[in-house]
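The sequence shown finishes on residue 287 if you use the numbering used here, and the numbering steps up by one all the way, no holes.
Comments concern the structure below.
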Amino acid sequence: MKEEMTAQQDQHATTVHDTSWLDDDQQRYWRSFLDGSARFVEALSREHEDLSSLTLGEYELLVRLSEAADHTLRMSALADGLARSRSRVTHTVHRMEQRGLVRRAASVGDGRGVNCVMTEAGYAELVASAPGHVTAVRRYLVDVLTPAQLRNLGEAMEAVAEACRVVEPHEQ
């Protein structure tokens, strides 16, 4: 047992020694990212709860459907586009289905696939929620940054999203 502990400690020491630690600026930017992104999402979520019957996640789901042909997407494509697990999207769709905002339908030509379709009620709720959403995005992001900062943020987050897509486990 003692030999096992020593081997584990040696492994840990090697890993710690070989780690490329963040310098002071990198650490500051990393923590600013964590703080800013958490506060931004919290502020948007709070606004949605105060001004709409939709959560931020439900709003984003309806936006994706509104941009799709026939307001329809496969459940798997919806999950991928929202960067959420399929089970989480399934639960969200179930709740929204009970409120009449979306419905599920079999995928044409593929008996295994399931589509999510936005209903007229879902579209009406999206249209009603959009002004408050856009106002909040402007208040907490767009109007706070210069055009150059906004562009840099967008480009940086595209790079982060792409790096994360490479390592995401694919659900079956």
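Idealized CB from N, CA, C, for every residue including glycine.
What are the boundary residues of the beta strand (DSSP E) that includes residue i?
i: VAL218; result: At residue 218 the sequence reads Arg, which differs from the Val that was named. Where ARG218 is concerned, the enclosing beta strand (DSSP E) stretches over 217-222.
i: ARG189; result: 187-189
Cβ of residue i within 9 angstroms of Cβ of residue j?
i: THR207; j: LEU176; result: yes
i: LEU169; j: ALA251; result: no
i: MET233; j: SER152; result: no
i: ARG189; j: GLY215; result: no
i: LEU241; j: VAL156; result: no
i: GLY196; j: VAL217; result: no
i: SER191; j: ARG201; result: yes
i: SER167; j: ALA239; result: no
Which residues mark the beginning and the end of the alpha helix (DSSP H) in which residue i is found?
i: ARG154; result: 139-166
i: VAL252; result: 235-252
i: TYR174; result: 171-182
If you run the structure through DSSP and keep just helix, strand and coil, what is residue i?
i: ASP225; result: strand
i: VAL232; result: strand
i: SER200; result: coil
i: SER135; result: coil
i: ARG214; result: coil
i: GLU277; result: helix
Q: Evaluate the contact criterion for the segment 198-213 versus the segment 254-262: three or more CB pairs, one atom per stretch, below 8 angstroms.
A: no
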